[in-house]
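*Asks:*
Number of protein chains: 2
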Amino acid sequence: MLRIAIVDDHPIVVKGLKDLLEMEPEWTVVGCFHTGNSLLAFMADNEADIILLDISLPDTSGIRLCKEIRRRWPDTQIVAVSNLSDRSIIQQMLQQGAGAYILKTATPEEVTQCITEVMGGNIFISKEVQEIISRPGLNAPATIPELTKREKQILQLLAEGKRSADIAAELFISPLTVKTHRATLLQKFGVSNMVALVKSARELQLI
Amino acid sequence: MLRIAIVDDHPIVVKGLKDLLEMEPEWTVVGCFHTGNSLLAFMADNEADIILLDISLPDTSGIRLCKEIRRRWPDTQIVAVSNLSDRSIIQQMLQQGAGAYILKTATPEEVTQCITEVMGGNIFISKEVQEIISRPGLNAPATIPELTKREKQILQLLAEGKRSADIAAELFISPLTVKTHRATLLQKFGVSNMVALVKSARELQLI
DNA sequence: GGGGGAATACTCCCAAGGGAGTATTTTTTA
DNA sequence: TAAAAAATACTCCCTTGGGAGTATTCCCCC
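For the record, the sequence lines run as chains A and B.
Residue numbering for the first sequence follows the UniProt record's numbering, starting at 1 and increasing by one per position.
Residue numbering for the second sequence follows the UniProt record's numbering, starting at 1 and increasing by one per position.
See the structure below:
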C-alpha cells in the first residue's frame with residue numbers, strides 16, 4: 001500500500017486530490033494538512049511514501065519545507081505542486097530534492113502518472129514545466145544571489161516603493177549606507193535600476 | 001434542481017468542487033470549463049442558475065467575463081472564486097455584479113453556505129474577505145486610475161525595468177515624451193517613484 | 001583571539017528621475 | 001464638423017539614483 005500525504009492550504013484542492021488518489025486501489029491518503037508545521041508534526045510519529053507539497057503555503061516556504069523533509073526522511077518522495085511557473089522556483093525545488101514538479105493546472109491523469117513515475121525512482125516533469133525550464137536564457141539569472149540579513153531587509157523596504165532617505169530614517173542609519181546596500185543589491189542581481197531589481201527579486205521569490 | 005456551472009483552469013479544483021456540490025441532492029453541476037470562452041459557448045444554448053467563476057483564467061480576465069455574463073444572462077448568479085485577496089479586485093468583482101466572493105482557501109462548508117445565500121438573493125462575503133475590504137485605507141487608492149492605451153503600454157515597459165531611453169527607442173518616440181507619460185502615471189497613481197508605481201499597478205491588476 | 005564577512009559611512013561625478021509648466025499635432029467622439 | 005481627449009515634444013530646475021572606490025567598526029566563527 002502506497003502511503004500518500006497531502007499538504008495544501010486549499011481544502012477544495014485537497015478534497016479533489018484525495019478523491020482522485022484513492023480511486024487507485026493500491027494507494028491510500030494517510031494525511032491531509034494545510035500548513036507545513038502540521039505535516040511535520042504528523043511525520044514525527046507516522047510514515048508516508050509520498051508527499052504532495054504545495055509550495056505556496058501560509059506558514060513556511062515550500063522550498064524550506066522540502067529541504068527539511070529530505071533531511072529528516074530521505075526515503076520519502078516529494079511531489080511539488082504549484083501554480084508558479086517561474087523557472088528559478090522550479091530549479092530550486094528540484095535542487096532541494098523534489099522528485100517531481102507539476103502545475104496546479106495538471107489533469108488528474110498527469111497527477112497519477114506523476115506519482116507512478118516518482119515511485120519508480122524517476123523524476124517526473126510535466127510537459128508544461130519542461131517547456132519552461134528548457135527555455136534557455138529567458139528569465140536569465142539562473143544563479144540565485146545570496147543576500148545578507150540587512151540586504152533582505154532593505155530590499156523589502158525598497159520593494160514597498162520607499163526612497164533611500166525614508167529607509168535610512170526607518171532603520172536609524174545614514175542614507176549613504178542605504179545607498180551602499182542598494183548598490184550591492186543591484187550588483188548581486190545584475191540589474192541597473194530599482195524596478196528591475198524588485199522584478200527580479202519577485203521572480204526569485206526573495207520578497 | 002439548481003443548475004451550477006464551474007469555470008476554473010485547475011482540473012483538480014473543478015473535480016473537488018463538483019464532487020462537493022453534487023453531494024447536495026437538489027444541486028447539479030451542468031458544466032465544467034477551464035476557459036471563459038468555453039463557458040460562453042456553453043451558455044449560448046444552455047442555462048445555469050449559478051456560475052462558480054475563477055477570476056484568474058488563462059484566456060480572459062474574470063472581471064471582463066463577469067461583466068459579460070451579467071449583461072447577457074442577468075438572472076444567472078455569479079460566485080467569484082479567487083486566491084487573490086487584493087481589496088481592489090474584490091471591489092471590482094462586486095461592482096461587476098458578482099453575488100459572492102470567496103477565497104480558494106474556503107472550506108467546503110463555506111462554499112455550500114455561500115451558494116445557499118446567493119440563491120436566497122443575498123450577497124455572500126466570507127469572513128476573510130470581509131476583513132480585507134473593511135480594513136480602511138491600508139491599500140489606500142480605492143479609485144482605480146483610468147489609463148490611456150499609450151500609458152498602459154509604457155507602464156508595462158516600465159514594469160519590466162526599462163529606462164525611459166530604452167522605451168523611447170522601442171516606441172520610436174522622444175525620451176521626453178516618455179518622461180511626460182511617466183509623469184502622468186505617477187500623478188494618476190498618486191505615487192512618487194517608479195517602484196511604488198509598479199507596486200500599485202500590480203495590486204490593481206493593471207499589469 | 002585573530003581572520004573575514006557584514007554593516008556602517010564616506011568621497012566624487014554624472015546620468016536619470018521627478019515637479020511644473022507650455023505648446024503643437026493627431027485622433028477620437030459627441 | 002467642432003470640441004475634447006490623447007499623444008507628442010519641449011523648457012527649467014532640482015533631487016535622487018547609480019558607478020566606483022575607500023575606510024572603519026562590529027561581530028561571528030574557527
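Even glycine gets a Cβ: it sits at the ideal position worked out from N, Cα and C.
Three Cβ pairs or more, each shorter than 8 Å: is that satisfied between the region 11-18 of chain B and the region 4-12 of chain A?
*Replies:* Because the criterion of three Cβ pairs below 8 Å is met, the region 11-18 of chain B and the region 4-12 of chain A touch.
*Asks:* Any chance you could list the beta strand (DSSP E) runs of at least 3 consecutive residues sitting entirely within the UniProt domain "Response regulatory" (3-119) of chain A, in chain order?
*Replies:* Whole beta strand (DSSP E) segments, 3+ residues: 27-33, 50-54, 77-82, 100-103.
*Asks:* May I ask you to list the residues that DSSP assigns as paired with Phe-124/A?
*Replies:* Ala-100/A, per the DSSP bridge assignment.
*Asks:* Buried or exposed for Lys-199/B, going by 16 or more other Cβ atoms inside 10 Å?
*Replies:* Counting Cβ neighbours within 10 Å, Lys-199/B comes out buried, since at least 16 surround it.
*Asks:* Apart from the five residues just before and just after Leu-52/B, which ones in its own chain have a Cβ nearer than 6 Å to its Cβ?
*Replies:* If we look at Leu-52/B and ignore the five residues flanking it on each side, its Cβ neighbours are Ile-6, Val-79, Val-81.
*Asks:* Pick helix, strand or coil for Ile-173/B, following the three-state DSSP scheme.
*Replies:* Note: Ile-173/B maps to coil in three-state DSSP.
*Asks:* Just the chain A side, please: which residues come within less than 8 Å of Ile-12/B by C-beta, in chain order?
*Replies:* Going along chain A in sequence order, the residues near Ile-12/B (Cβ under 8 Å) are Val-13, Gly-16, Leu-17, Leu-20, Lys-104, Ala-106, Pro-108, Val-111.
*Asks:* Using a C-beta to C-beta distance shorter than 7 Å, which residues of chain B count as neighbours of Asn-193/A?
*Replies:* Neighbours of Asn-193/A on chain B, chain order: Gly-161, Arg-163.
*Asks:* Taking the beta carbon of Ile-123/B as the centre, do at least 16 other beta carbons fall within 10 Å, making it buried, or is it exposed?
*Replies:* Burial call: exposed.
*Asks:* Taking contact to mean at least 3 C-beta pairs separated by less than 8 Å, is the region 145-164 of chain A in contact with the region 35-53 of chain A?
*Replies:* No contact exists between the region 145-164 of chain A and the region 35-53 of chain A.
*Asks:* So, with DSSP's three-state summary, where would you put Leu-206/B?
*Replies:* Leu-206/B falls in the coil class under three-state DSSP.
*Asks:* Tell me whether the beta-carbon of Thr-28/A lies closer than 8 Å to the beta-carbon of Ala-48/A.
*Replies:* Contact flag unset, no.
*Asks:* Compare the beta carbon distance of Ile-50/A and Leu-2/A with 8 Å and say whether it is the shorter of the two.
*Replies:* Cβ atoms of Ile-50/A and Leu-2/A: closer than 8 Å.
*Asks:* Buried or exposed, going by whether 16 or more other CB atoms sit within 10 Å of the CB of Gly-120/A?
*Replies:* Per the 10 Å Cβ criterion, exposed.
*Asks:* Apply the 10 Å Cβ neighbour rule to Asp-8/A and answer buried if 16 or more other Cβ atoms are within range, or exposed otherwise.
*Replies:* The residue in question, Asp-8/A, is buried, as its Cβ has 16 or more Cβ neighbours within 10 Å.
*Asks:* On the CB-based measure, 16 or more other CB atoms within 10 Å of its CB, does Leu-176/A come out buried or exposed?
*Replies:* Label assigned to Leu-176/A: exposed.
*Asks:* Do Arg-182/A and Leu-158/A have their C-beta atoms within less than 8 Å of each other?
*Replies:* Going by C-beta atoms, Arg-182/A is nearer than 8 Å to Leu-158/A.
*Asks:* When DSSP labels each residue in this structure, what does Val-191/B get in the three-state scheme?
*Replies:* The answer is coil: DSSP assigns Val-191/B none of H, G, I, E or B.
*Asks:* Spell out whether any CB of chain B is found under 8 Å from the CB atom of Ala-196/A.
*Replies:* Answer yes: the Cβ-Cβ gap between Ala-196/A and chain B drops below 8 Å somewhere.
*Asks:* Can you tell me which of the three DSSP states Glu-146/B falls into?
*Replies:* Note: Glu-146/B maps to coil in three-state DSSP.
*Asks:* Could you name the residues of chain B that Leu-158/A contacts, counting a contact when the two beta carbons are closer than 7 Å?
*Replies:* Simply Val-195.
*Asks:* Quick one: measure Cβ to Cβ for Arg-202/B and Asn-193/A, integer angstroms, because I've assumed they're closer than 8 Å.
*Replies:* Going by Cβ atoms, the distance from Arg-202/B to Asn-193/A rounds to 17 Å, so no, they are not a contact pair.
*Asks:* Using the Cα positions of Gly-62/B and Ser-126/A, report the straight-line distance between them to the nearest angstrom.
*Replies:* Whole-angstrom Cα-Cα distance: 27 Å.
*Asks:* Using a C-beta to C-beta distance shorter than 8 Å, which residues of chain B count as neighbours of Asp-49/A?
*Replies:* Residues of chain B passing the Cβ test: none, with the nearest at roughly 20 Å.
*Asks:* My understanding is that Leu-65/B touches Gly-36/B, with C-beta atoms under 8 Å, so please give their C-beta distance in whole angstroms.
*Replies:* Between Gly-36/B and Leu-65/B the Cβ distance is about 4 Å, and since that is below 8 Å, they are a contact.
*Asks:* Do Thr-112/A and Glu-26/A count as a contact pair if the criterion is CB distance below 8 Å?
*Replies:* No; because the gap between Cβ atoms is not below 8 Å, this pair is not in contact.
*Asks:* Below 8 Å on the Cβ atoms is my contact criterion, and I expect Val-191/B with Gly-161/A to pass it. Report the Cβ-Cβ distance as a whole number of Å.
*Replies:* Right, their Cβ atoms sit about 6 Å apart.
*Asks:* Under 8 Å Cβ-Cβ, which residues of chain A neighbour Asp-9/B?
*Replies:* Going along chain A in sequence order, the residues near Asp-9/B (Cβ under 8 Å) are Thr-105.
*Asks:* So Leu-171/A packs on Leu-186/A, CB below 8 Å; how close in whole Å?
*Replies:* Contact flag wrong, Cβ pair sits at about 19 Å.
*Asks:* For Met-93/A, which of Lys-67/A, Pro-108/A, Glu-109/A, Leu-103/A has the nearest alpha-carbon?
*Replies:* The shortest Cα separation from Met-93/A among Lys-67/A, Pro-108/A, Glu-109/A, Leu-103/A belongs to Lys-67/A.
*Asks:* At a CB-CB cut-off below 7 Å, which residues of chain A make contact with Lys-127/B?
*Replies:* Within chain A, no residue comes near Lys-127/B; the closest Cβ sits about 15 Å away, beyond 7 Å.
*Asks:* Using a C-beta cutoff of 8 Å, does Lys-179/A count as contacting chain B?
*Replies:* Output row for Lys-179/A: interface = no.
*Asks:* What is the rounded straight-line gap between the Cα of Leu-103/A and the Cα of Asn-83/A?
*Replies:* Taking the straight line from one Cα to the other gives about 5 Å.
*Asks:* Strictly below 9 Å CB to CB, what residues from chain A border Lys-199/B?
*Replies:* What Lys-199/B touches in chain A: Ala-159, Glu-160, Gly-161, Val-198.
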